[in-house]
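Here is the structure we will look at, set down as structure tokens.
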Amino acid sequence: MNEYTAKDFKKGQPRWCPGCGDHFFLASLHKAMAEIGKAPWETAVISGIGCSSRLPYYMNTYAMQTIHGRAAAISTGAKVTNPNLAVWQISGDGDGLAIGGNHFIHAVRRNIDLNMILLNNRIYGLTKGQYSPTSPRGFVSKSSPYGTVEDPFHPAELCFGARGRFFARAVATDAAGTVEILKAAYNHKGAAVCEILQNCVIFNNGTHDSVYNKEGRAKNAIYLEHGKPMIFGENREYGLMQEGFGLKVVKLGENGITEKDILVHDAHCMDNTLQLKLALMEGADFPIALGVIRDVDEPTYDEAVHAQIEEVSAKKNYHNFEELLMTNDTWEVK
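Sequential numbering of the sequence shown, starting at 644, is according to our numbering.
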């Protein structure tokens with residue numbers, strides 16, 4: 644394996660607003676790619692339209708900014724025709740889940756081997772501040788001056804509903820956490836969805852404030868690790884236990900509760916019931932789940948397509964156009 648540095652994947656000068664979460668994520672992506680070790684010329688970064696979709700311009704890899712909502716479709720074609728290519732799909736919550744929502748769910752359903760990055764700031768930034776599919780009910784924006792009357796998509800719920808096999812979450816300002824889930828997404832064979840929580844400093848600053856700095860994450864987030872007990876808190880004093888069909892937060896040491904009573908995270912469990920409950924935790928009573936929440940191996944679409952082609956080709960009497968012509972009756976004209 645060749646050794647690369649983050650600099651090997653950098654290109655150009657980013658043109659985002661100062662403080663935008665895209666800057667943080669871009670730096671983490673460069674670092675993750677260097678640690679993965681896949682050559683820049685064996686890597687493609689493909690996006691749609693939006694602030695985050697400018698990212699391919701800053702990658703020293705194959706890169707393409709496509710049209711609004713079509714990043715998943717173009718990424719699918721790139722991966723299926725170039726199976727050795729590492730394909731990273733970059734979408735915002737508007738680009739990926741509104742106009743691109745249909746492509747998103749079918750790429751996940753088909754389990755195409757894509758690294759699907761969803762940069763979620765709960766707003767349309769490039770078009771100057773309209774509410775997006777992930778904006779909360781009541782959100783006031785230029786397109787909802789009296790507050791939106793819609794309920795939002797939860798990206799995890801949408802991914803799981805489309806039979807998603809991999810879902811992870813990180814905060815843009817948490818470089819170490821972001822790098823880890825990006826590496827896990829690359830190592831997962833199949834559609835790997837990574838939700839990145841980030842602020843839009845101009846139109847929706849503070850939307851993820853509860854976990855946007857290190858102190859906030861210590862209080863309000865839980866880092867999930869496969870095979871490890873679900874413990875969190877500034878002093879790791881809290882844990883998650885099952886209560887009926889749901890979850891509850893408990894304090895270690897109270898009522899005789901010890902670490903042995905705490906649920907152990909199983910990211911590889913085929914039944915996604917508990918994983919979905921973890922992914923949907925929010926509010927004052929529960930921490931926000933970060934890290935790899937689901938990671939289950941299943942056959943991938945691209946591998947299945949190529950295997951099918953080889954199987955069918957082996958049974959044919961022809962393997963190219965000239966041989967095809969010779970399979971039918973022929974005449975010689977003199």
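All residues carry an ideal CB built from backbone N, CA and C; glycine is no exception.
In the same chain as glutamate 877, and ignoring 5 residues on each side of it, the C-beta atoms closer than 7 Å to its own belong to Ala861 and Lys862, in chain order. In the displayed model, glycine 790 falls within coil according to three-state DSSP, outside both helix and strand. By the 16-neighbour rule on beta-carbons within 10 angstroms, glycine 735 is buried.
Pairing valine 935 with alanine 811 gives a Cβ-Cβ distance under 8 Å. If only complete runs of 4 or more residues are kept, the region 887-933 shows the alpha helix (DSSP H) at 916-922, in order along the chain. In the DSSP assignment, threonine 686 falls within the beta strand (DSSP E) that extends over 686-690. Proline 872 carries a strand assignment under DSSP once its states are collapsed to helix, strand and coil. Taking a cut-off of 8 Å on C-beta distances, the region 833-853 touches the region 738-758, as three or more cross pairs fall below it.
Burial of alanine 910 is indicated by the presence of at least 16 other C-beta atoms within 10 angstroms of its C-beta.
For alanine 834, the secondary structure class from DSSP, reduced to helix, strand or coil, is coil. Pairing isoleucine 766 with glycine 882, the inter-Cα distance amounts to about 32 Å. In the structure shown, the three-state DSSP call for lysine 650 is helix. Contact check for isoleucine 905 against methionine 884 passes: the beta carbons are separated by less than 8 Å.
Excluding five sequence positions before and after threonine 943, the CB atoms of its chain that fall closer than 6 Å to its own CB belong to Asn754, Asp756, Lys832 and Gly833, given in chain order. Cβ-Cβ separation between asparagine 758 and tyrosine 829: approximately 6 Å, consistent with a contact (criterion under 8 Å).
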